[in-house]
Amino acid sequence: MPQIKGAIKRVRQNYKVTPKNSAQMSAMRTAIKQAEQAARENADNKDALFKDAVSAIDTAESKGLVHKNKAARDKSRLSKIAAK
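Using my numbering, the first residue of the sequence shown is number 975, and each one after it goes up by one.
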């Protein structure tokens, strides 16, 4: 365990924030996979799932969980699949 007050605070913060970040990343990945699968199967709700996935990517980007270039790349690949 850290002895310095600032390091102790960081441990406390990381303990709270890490599960939230993991949940947000998991939700983003799940939304992307669902949108890709719906686009490949040409499902009726593929547009709604595409919007949900883009929203999840944007949320993760705004919270600093993914780099802006990765977010742009993911959205580009997703829109390319959805357009087919």
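The beta-carbon is built from N, C-alpha and C at its ideal position, and this holds for glycine as well. Being a predicted model, the structure only gives us computed values, none of them experimental.
Chain-order list of residues whose beta-carbon lies under 7 Å from that of residue i (same chain, five-residue window excluded)
i, result
"K1049", "V1028, I1031"
"L1039", "N995, Q998, M999"
"A1005", "D1026, A1027, A1030"
"K1042", "E1035"
"P976", "I982, V985"
"A1001", "A1030"
Other residues of its chain near residue i: CB distance less than 6 Å, five sequence neighbours each side excluded
i, result
"A1013", "K1020, I1055, A1056"
Span of the alpha helix (DSSP H) around residue i
i, result
"I1055", "1042 to 1057"
"A1030", "1020 to 1036"
Backbone secondary structure at residue i - three-state DSSP
i, result
"Q1011", "helix"
"I1006", "helix"
"N995", "helix"
"A981", "helix"
"A1001", "helix"
Beta-carbon contacts of residue i that lie in its chain and below 8 Å, excluding the five residues immediately before and after
i, result
"K1037", "N995, Q998"
Residue j beta carbon less than 8 Å from that of residue i
i, j, result
"L1052", "A1009", "yes"
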